[in-house]
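Under our numbering, the first residue of the sequence shown carries the number 6, and numbering increases by one thereafter.
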Amino acid sequence: MKKNAKISVLGLDRAGKTTMLQRLKTGRWIPDTTPTIGMNAETIQIGDVTFSAWDLGGQLQFRRALWEMYTKNSKGLIYVIDLSDPARFPESRNYLWRMLKMTHLKNIPLAIFANKIDLVDCTEEDLANFMGINKKMSRVLSIFKTSAVTGEGIHKGIYWLADAIQEGKHSPMELYQIKSLFGRESSILAT
């Protein structure tokens, strides 16, 4: 079944959002990618899903002014965290939780891309604990270790998101089998 879906790609500035989308679109790493100022839209075909990917600038003024407005009608979310910049983890956690509290995003599948894994080693469990994410959360989500430079984990994450969107894994009060935060199958109740 063919499906069109808007996804929003969020994260702090310099997390690698634009580089990751360029990798998905072209299949290769494009060095010296210009950071997004405001918003950038890309069309990406993944399996039977055509994504209209909205890359939202991560600079403070754009996080405040644009994130809520441009995430409306999104069917999926990608939140990108820069693992090579632990000093900004608290800020990233703050904005992740701000986004999670937006009413219009409550039942939308979320793929968290722990980016720049080629530079830093971090487990999904450590990142989940630091970001305040646990298996009792009432949300369909998964964490993926990624690298926009090497391509590691990006396709795994985007295919997971495409499946979650196609299978309607964002309806409230349904039980789903999804990859847990720790790489094992687990049941998560979406409420």
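Using N, Cα and C, we set each Cβ at its ideal position, and we do this for glycine too.
Nearest residue (CA-CA) to A153, options S57, W102, I51, L88:
Checking every option, the nearest Cα to that of A153 belongs to L88.
Nearest CA to the CA of I107: which residue from L82, D168, M25?
Contrary to the premise, residue 107 reads as Met rather than Ile in this sequence. The shortest C-alpha separation from M107 is found at L82.
Does the distance from the C-beta atom of L17 to that of Y100 stay below 8 Å?
A distance below 8 Å separates the beta carbons of L17 and Y100.
How would you write the range of the beta strand (DSSP E) that K11 sits in, first residue to last?
Looking at the DSSP string, the run of the beta strand (DSSP E) that includes K11 is 8 to 16.
CB of T155 within 8 Å of CB of F118, strictly
8 Å or more divides the Cβ of T155 from the Cβ of F118.
If you count every other CB in all the chains shown that lies within 10 Å of the CB of N120, and 16 or more means buried, which is it?
Buried, by the Cβ-count rule.
CB of K11 within 8 Å of CB of S79, strictly
Contact check for K11 against S79 passes: the beta carbons are separated by less than 8 Å.
Through-space distance from N139 to N112, alpha-carbon basis:
Looking at the two C-alpha atoms, the distance is approximately 16 Å.
Starting from the C-beta of F94, find all residues in its chain whose C-beta is less than 8 Å away, skip the five residues before and the five after it, and write them out in chain order.
Non-local beta-carbon contacts of F94 in its own chain, meaning distances under 8 Å to residues more than five positions away in sequence, involve I86, F135, M136 in chain order.
If I follow the unbroken beta strand (DSSP E) through A119, where does it start and stop?
A119 -> beta strand (DSSP E) spans 115 to 120.
May I ask which residues mark the beginning and end of the beta strand (DSSP E) holding K150?
In the DSSP assignment, K150 falls within the unbroken beta strand (DSSP E) covering 146 to 150.
Could you pull the DSSP bridge partners for G81 from this structure?
Bridge partners of G81: I12.
Rounded to whole angstroms, what's the CA-CA distance from H109 to D123? Just pull it up for me.
Taking the straight line joining both Cα atoms gives about 34 Å.
Alpha carbon to alpha carbon, what distance is there between A116 and P36?
Whole-angstrom Cα-Cα distance: 24 Å.
How is the alpha helix (DSSP H) around L132 delimited, first residue to last?
Element bounds for L132: 129 to 136.
Between the Cα of D126 and the Cα atoms of I170, F56, E157, K161, which residue gives the shortest distance?
Looking only at I170, F56, E157, K161, the smallest Cα-Cα distance to D126 is reached by E157.
Leaving out the 5 sequence neighbours to the left and right, which residues in its chain are closer than 7 Å to G21 when beta-carbon positions are compared?
Answer for G21: V85, D87, N120, K121, A153, listed in chain order.
Q27 classed as buried or exposed, judged by whether at least 16 other C-beta atoms fall within 10 angstroms:
Q27 is buried by the Cβ-count criterion.
Since V54 sits in a beta bridge, which residues does DSSP pair it with?
Paired residue(s): K8, I51.
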